[in-house]
Amino acid sequence: MLAQMDTKTVYTFMDSTLMIDKYVARGKELGYAYLGIMDHNNLYAAYSFMEACYRAEIRPLIGCELDLELEQVPITIQVLALNSIGYQHLMKISTARMMGQKDFAAIRQYLTDVAVIVPVENMEVAGNLGVDYYIGVRPDTPAQKFDKPILPLYTVRYLEESDLETIQVLHAIRENQALSQIGQIPVHQAFLSPSEQADLFVHNFPQARQNLEELVSGIHYELDRDLKLPRFNRERPAVEELQERAQAGLQNKGLTDHHYQERLNRELSIIHQMGFDDYFLIVLDLLRFGRSQGYYMGMGRGSAVGSLVAYALDITGIDPVKHDLLFERFLNQERFSMPDIDIDIPDIYRGDFLRYVQKRYGSMHTAQIVTYSTFGARQAIRDVFKRFGIPEYELTNITKKISFRDSLTSAYEKNASFRQIINSKAEYQKAFTLAKAIEGQPRQTSVHAAGVVMSDNDLTDVIPLKQGEDMLITQYDAHAVEANGLLKMDFLGLRNLTFAQKMKEAVAEKYGIEMVIEDIDLEDKETL
Numbered sequence: 003m004l005a006q007m008d009t010k011t012v013y014t015f016m017d018s019t020l021m022i023d024k025y026v027a028r029g030k031e032l033g034y035a036y037l038g039i040m041d042h043n044n045l046y047a048a049y050s051f052m053e054a055c056y057r058a059e060i061r062p063l064i065g066c067e068l069d070l071e072l073e074q075v076p077i078t079i080q081v082l083a084l085n086s087i088g089y090q091h092l093m094k095i096s097t098a099r100m101m102g103q104k105d106f107a108a109i110r111q112y113l114t115d116v117a118v119i120v121p122v123e124n125m126e127v128a129g130n131l132g133v134d135y136y137i138g139v140r141p142d143t144p145a146q147k148f149d150k151p152i153l154p155l156y157t158v159r160y161l162e163e164s165d166l167e168t169i170q171v172l173h174a175i176r177e178n179q180a181l182s183q184i185g186q187i188p189v190h191q192a193f194l195s196p197s198e199q200a201d202l203f204v205h206n207f208p209q210a211r212q213n214l215e216e217l218v219s220g221i222h223y224e225l226d227r228d229l230k231l232p233r234f235n236r237e238r239p240a241v242e243e244l245q246e247r248a249q250a251g252l253q254n255k256g257l258t259d260h261h262y263q264e265r266l267n268r269e270l271s272i273i274h275q276m277g278f279d280d281y282f283l284i285v286l287d288l289l290r291f292g293r294s295q296g297y298y299m300g301m302g303r304g305s306a307v308g309s310l311v312a313y314a315l316d317i318t319g320i321d322p323v324k325h326d327l328l329f330e331r332f333l334n335q336e337r338f339s340m341p342d343i344d345i346d347i348p349d350i351y352r353g354d355f356l357r358y359v360q361k362r363y364g365s366m367h368t369a370q371i372v373t374y375s376t377f378g379a380r381q382a383i384r385d386v387f388k389r390f391g392i393p394e395y396e397l398t399n400i401t402k403k404i405s406f407r408d409s410l411t412s413a414y415e416k417n418a419s420f421r422q423i424i425n426s427k428a429e430y431q432k433a434f435t436l437a438k439a440i441e442g443q444p445r446q447t448s449v450h451a452a453g454v455v456m457s458d459n460d461l462t463d464v465i466p467l468k469q470g471e472d473m474l475i476t477q478y479d480a481h482a483v484e485a486n487g488l489l490k491m492d493f494l495g496l497r498n499l500t501f502a503q504k505m506k507e508a509v510a511e512k513y514g515i516e517m518v519i520e521d522i523d524l525e526d527k528e529t530l
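With our numbering applied, the sequence shown corresponds to residues 3 to 530, in that order.
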């Protein structure tokens with residue numbers, strides 16, 4: 003048994019060509035029992051990597067390579083989670099680093115249940131770490147004795163040696179330089195079979211392989227996927243408060259018929275059984291804040307308008323009993339899914355809204371959700387061809403022949419004029435091949451247009467975070483956030499709501515009439 007541990011994926015942006023699924027599939031093919039990742043400072047790939055490994059019946063090893071400072075001297079170390087607690091600690095370590103913390107002393111408290119590996123080239127600096135660590139030896143490290151246990155450190159950045167050119171192009175894009183200006187690229191970092199990798203160390207460091215097998219043999223992660231909703235009010239049970247507010251809302255609307263009462267009771271019972279009492283109270287709180295600031299928050303949309311509880315609380319503005327709307331489309335005991343009430347906000351006020359959420363529920367309990375910008379067909383062509391020195395006017399002429407729906411392959415197959423340009427010069431053919439190689443890879447992080455995650459506990463107990471502008475940002479995407487039991491809410495800034503609010507303000511200023519948008523008759527015959 004041998005493990006591949008020091009692997010950089012495409013989430014070490016523009017320094018690897020290893021997509022998660024292809025890496026795991028090749029690892030399965032080569033017979034690996036354990037596969038690891040060791041991306042640079044981040045854990046972007048950790049959850050999707052674990053999912054892919056478990057599907058392939060491979061044991062994942064979650065690690066991270068960190069650029070730190072030890073007593074103000076730069077040092078690079080690698081950390082590997084040895085169990086579920088170590089994985090939690092790794093999330094806190096990566097969060098600290100991605101929020102700008104570089105001091106080794108600041109992460110020392112999280113180094114339990116975590117293996118620390120100091121690459122041999124950093125060995126001289128590591129004397130004062132103050133924790134146990136391994137020395138990572140390289141295939142080209144001269145044979146010698148060490149006073150610390152050793153591990154084989156073979157870095158993988160691509161599947162085949164032929165991918166080296168792609169790495170060179172990625173470096174040129176990252177550095178915004180011409181291809182000719184990029185210096186030496188580290189070679190011999192292709193993904194090898196277990197026996198090929200073992201052969202690299204068997205002569206100089208036979209003990210390293212045995213140490214690695216002993217280290218990884220017990221590694222296993224148990225993830226807590228239970229629901230982790232934030233609490234609205236710790237002083238009182240949410241079930242009581244929700245029932246009281248919904249009942250009062252029904253009375254205020256004059257909906258005293260027994261049909262309404264029966265439906266309200268039934269909905270409240272299902273909401274409580276599914277554990278979503280706090281969720282409704284939080285949505286109510288957020289809408290009340292927005293309305294108290296004078297924002298026009300809309301009338302609710304989607305399946306949530308089938309909820310009488312939501313109508314009673316003025317979360318939505320349409321009577322579901324009168325219009326015969328089904329609550330089961332929104333929440334259904336037979337098919338568990340998270341409730342989804344989108345909160346629509348005039349786009350000019352979304353930043354203020356996020357600041358309220360952060361202040362009310364805590365900066366480490368709320369975060370925006372990351373997304374990954376990828377190399378689309380046009381972007382890949384533009385980025386790669388530019389590194390070959392192709393002038394801007396030619397780039398524009400080439401990219402305008404690619405439709406938004408096309409991949410580079412489909413554009414080449416379907417569009418004769420595009421194909422003719424690519425085939426007109428050997429340089430273009432070369433650049434096109436490289437553009438296809440990076441197409442679809444993540445290029446950088448971005449922020450989800452609407453998604454915000456909220457939790458009762460510190461988010462870094464469950465997911466890693468990074469620095470953002472308005473609030474912190476998750477390192478995991480929306481799928482991974484929800485798969486870990488966290489509540490994702492959508493706060494969508496809409497220009498149309500800004501228009502509606504500005505028109506209301508203009509009517510008040512010009513005609514002295516204070517319109518209540520919600521009172522406009524939707525059945526007005528003259529309008530229709």
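Every residue, glycine too, gets a C-beta built ideally from N, C-alpha and C. Nothing here was measured: the structure is a model prediction, and the numbers come from that model.
ask   = Terminal residues of the continuous alpha helix (DSSP H) containing M52?
value = Residue 52 sits at position 50 when you count from the first residue of the sequence shown. Taken as a continuous stretch (DSSP letters only), the alpha helix (DSSP H) holding M52 covers A48 to R57.
ask   = Apart from the five residues on each side of it in sequence, which residues of its chain come closer than 7 Å, Cβ to Cβ, to A433?
value = Numbered from its first residue, the sequence shown carries residue 433 at position 431. Answer for A433: V386, F387 and F390, listed in chain order.
key: For H42, three-class secondary structure by DSSP   = By one-based count along the sequence shown, residue 42 stands at place 40. The answer is strand: DSSP assigns H42 an E or B state.
ask   = Residue ranges of each beta strand (DSSP E) run of no fewer than 3 residues wholly in the region 128-207, ordered along the chain?
value = 136-139 and 152-154
message = Judging by CA-CA distance, which residue of A83, R384 and A418 is the nearest neighbour of Y223?
response = As a first step, residue 223 is located in the sequence shown; it is residue number 221 there, counting from the start. Y223 has its Cα closest to that of A83, out of A83, R384 and A418.
Burial state of F501 (16 or more Cβ within 10 Å) = In the sequence shown, residue 501 corresponds to position 499, counting from 1. Exposed, because fewer than 16 other Cβ atoms sit within 10 Å of the Cβ of F501.
inquiry  = I'd like the ranges of any alpha helix (DSSP H) spanning at least 4 consecutive residues and lying wholly in the region 335-395.
reply    = 352-363 and 379-389
query = So what's H481 in DSSP terms, helix, strand or just coil?
reply = Mapped onto the sequence shown, residue 481 falls at position 479. In the structure shown, H481 sits in a helix (DSSP, three-state: H, G or I).
query = Within this structure, are the beta carbons of G38 and L63 separated by less than 9 Å?
reply = What you label residue 38 is simply residue 36 of the sequence shown in a count that begins at 1. What you label residue 63 is simply residue 61 of the sequence shown in a count that begins at 1. Yes, Cβ-Cβ distance for G38 and L63 is below 9 Å.
Within 9 Å, strictly: CB atoms of F234 and D287 = Locating residue 234 in the sequence shown gives position 232, counting from the first residue. Locating residue 287 in the sequence shown gives position 285, counting from the first residue. Cβ distance < 9 Å, so F234 and D287 count as in contact.
query = When the Cα of Y156 is compared with those of A210, L113, E246 and Q146, which residue comes out closest?
reply = Taking the sequence shown and counting its residues from 1, the one referred to as residue 156 is at position 154. With distances taken between Cα atoms, Y156 lies closest to A210.
query = Between which two residues does the alpha helix (DSSP H) carrying D279 extend?
reply = Reading the sequence shown from its first residue, position 277 is the one you call residue 279. D279 to S294 is the span of the alpha helix (DSSP H), which, as asked, contains D279.
ask   = Y281 to K24, Cα distance in whole Å?
value = Mapped onto the sequence shown, residue 281 falls at position 279. Mapped onto the sequence shown, residue 24 falls at position 22. C-alpha separation (whole angstroms): 39 Å.
ask   = Can you find a CB in chain C that lies within less than 9 Å of the CB of L397?
value = Absent here is chain C; the protein component of the structure consists of one chain.
task = Look at the alpha carbon of F278 and the alpha carbon of L488, and state the distance between them as a whole number of angstroms.
result = Within the sequence shown, the letter at position 276 stands for residue 278. Within the sequence shown, the letter at position 486 stands for residue 488. About 12 Å.
query = Taking V133 as the reference, which of V118, M473, Q469 and V122 has the closest Cα?
reply = Within the sequence shown, residue 133 is the residue found at index 131, counting from 1. Closest by alpha carbon: V118.
message = According to DSSP, simplified to helix, strand and coil, what is Y1?
response = Outside the shown range of the chain (3 to 530) lies residue 1, about which nothing can therefore be said.
For A35 and H91, the rounded distance between their alpha carbons = In the sequence shown, residue 91 corresponds to position 89, counting from 1. In the sequence shown, residue 35 corresponds to position 33, counting from 1. H91 and A35: Cα-Cα distance of roughly 24 Å.
key: Segment limits, alpha helix (DSSP H) that includes S26   = Here residue 26 corresponds to residue number 24 of the sequence shown, with the count starting at 1. Residue 26 is actually Val in this sequence, not Ser. It spans I22 to L32 - the alpha helix (DSSP H) in which V26 sits, taken as one unbroken run.
key: Among L20, Y313 and F355, the one whose alpha carbon lies nearest that of D472   = Position 470 of the sequence shown, counting from 1, holds the residue named residue 472. The option with the nearest alpha carbon to D472 is F355.
task = Compare the beta carbon distance of S50 and D479 with 9 Å and say whether it is the shorter of the two.
result = On the sequence shown, position 48 is the one that residue 50 refers to. On the sequence shown, position 477 is the one that residue 479 refers to. Cβ atoms of S50 and D479: closer than 9 Å.
task = Taking all protein chains shown into account, decide if Q446 is buried (16 or more other Cβ within 10 angstroms of its Cβ) or exposed.
result = Along the sequence shown, read from residue 1 onward, the residue named residue 446 stands at position 444. With fewer than 16 Cβ atoms within 10 Å of its Cβ, Q446 is classed as exposed.
request  = Along the alpha helix (DSSP H) that carries I64, what are the first and last residues, could you check?
outcome  = For the purposes of this step, residue 64 is taken as the residue at position 62 of the sequence shown. It is not in any alpha helix (DSSP H) - I64 instead sits in the beta strand (DSSP E) that spans R61 to L72.
inquiry  = Below 8 Å, how does it come out for the region 352-372 and the region 306-324: are there three or more Cβ pairs, yes or no?
reply    = no
task = Please report how far the alpha carbon of I152 lies from the alpha carbon of T376, in whole angstroms.
result = As a working mapping, residue 152 is identified with position 150 in the sequence shown. As a working mapping, residue 376 is identified with position 374 in the sequence shown. Approximately 38 Å, taken between the alpha carbons.
task = Could you give the DSSP three-state label for F493: helix, strand or coil?
result = The residue given as residue 493 occupies position 491 in the sequence shown. It is a strand residue.
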